[in-house]
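**Q** Starting off with a structure, shown below.
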Amino acid sequence: MQLQKDAAEDMHLSIKTINKRSEGLIRFVKEFRNLSHVQQPKKTDISIKKLFEELTVLHKKEITDNKIIIKTDVDPSDLLVTADKNMIEQVIINLIKNAIQSFDEQSDKKIWLAAYFSKGHTIISVRDNGPGIDPEALEKIFIPFFTTKKSGSGIGLSLSKQIMRQHDGRISVQSKLSEGTDSYSAFNSPKD
């Protein structure tokens with residue numbers, strides 16, 4: 006009787022493990038498909054100030070729960086970017102999530118969202134005062150499936166880079182250990 010019970014428990018555990026791995030594989034395939042099949046952008050003029058407001062509201066619970074201060078600065082305040090709104094939201098969401106997840110137990114947690122015009126480019130910046138990224142890891146952050154997180158997929162930044170390329174733009178990340186990380190997305194401005 007005990008032998009049958011043990012066998013049943015082993016079988017149940019095996020099925021749960023297979024199910025969990027299957028879910029992980031399905032998630033992996035979906036993420037890979039998203040990475041390899043980014044749609045062509047449908048560009049419109051987007052108010053960056055309004056975009057920042059919407060994304061701050063979207064992350065309000067995480068920001069509040071983690072006692073993070075988020076500040077925004079758009080100069081000029083009516084600055085627009087010509088881009089696919091859904092795609093650019095995804096880029097900024099990825100950067101904000103990375104900033105939120107970077108914080109350890111420090112008490113002073115800040116994220117700055119900024120946008121400005123410089124040398125023919127509209128720049129969107131996401132900066133945090135988290136622990137920073139190790140220089141060796143920094144070299145690999147845009148490689149698909151590379152992650153420094155326990156539960157990360159490593160898709161966010163590689164997808165963001167692909168989205169920026171489709172907008173004829175670029176994304177870069179600078180980081181210093183114990184100081185924080187700066188992410189910059191640069192968009193070419195349309196000719197007048």
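Count along the sequence shown from 1, then add 5; that gives the number in my numbering. Ideal Cβ positions, reconstructed from N, Cα and C, are used throughout, including at glycine. Model, not experiment: these values are computed from the prediction.
With contact counted as at least three CB pairs below 8 Å, one residue from each stretch, are the segment 60 to 74 and the segment 106 to 126 in contact?
**A** Verdict: yes, contact present.
**Q** Starting from the C-beta of ILE129, find all residues in its chain whose C-beta is less than 6 Å away, skip the five residues before and the five after it, and write them out in chain order.
**A** Once the five neighbours on either side are set aside, the close Cβ partners of ILE129 are ALA120 and SER190.
**Q** Rank THR186, GLY161 and PRO81 by C-alpha distance to the C-alpha of ILE53 and give the top, closest one.
**A** Looking at the Cα atoms, PRO81 is the closest of the given residues.
**Q** Drop a sphere of 10 angstroms on the beta-carbon of THR49, count the other beta-carbons inside from all chains shown, and report buried for 16 or more, exposed for fewer.
**A** Result: exposed.
**Q** Starting from ILE97, trace the beta strand (DSSP E) in both directions and tell me its first and last residue.
**A** That residue, ILE97, is in no beta strand (DSSP E); its alpha helix (DSSP H) goes 90 to 107.
**Q** Could you give the DSSP three-state label for LEU84: helix, strand or coil?
**A** Coil, per DSSP.
**Q** Beta-carbon separation of THR87 and LEU118 under 7 Å?
**A** Contact flag unset, no.
**Q** Report the option in LEU85, GLU144, LYS90 and THR152 whose CA atom is closest to the CA atom of ASN103.
**A** When only C-alpha atoms are compared, the closest one is THR152.
**Q** Name the one or two DSSP bridge partners that ASP113 has.
**A** DSSP, once it has assigned bridges, lists no residue as partnering ASP113.
**Q** How would you call GLY125, buried or exposed, if buried means at least 16 neighbouring beta carbons within 10 angstroms?
**A** With fewer than 16 other Cβ atoms within 10 Å, it is exposed.
**Q** Residue range of the alpha helix (DSSP H) that GLN179 falls in?
**A** Looking at the DSSP string, GLN179 is not in any alpha helix (DSSP H); the run it does join, the beta strand (DSSP E), is 175 to 181.
**Q** Distance, Cα to Cα, ASP173 vs GLN44?
**A** Straight-line Cα distance between these residues: approximately 14 Å.
**Q** First and last residue of the alpha helix (DSSP H) that includes GLY161?
**A** Residues 161 to 171.
**Q** Does the CB of SER163 have a neighbour CB from chain B at under 7 Å?
**A** You won't find chain B in this structure, because it holds only one protein chain.
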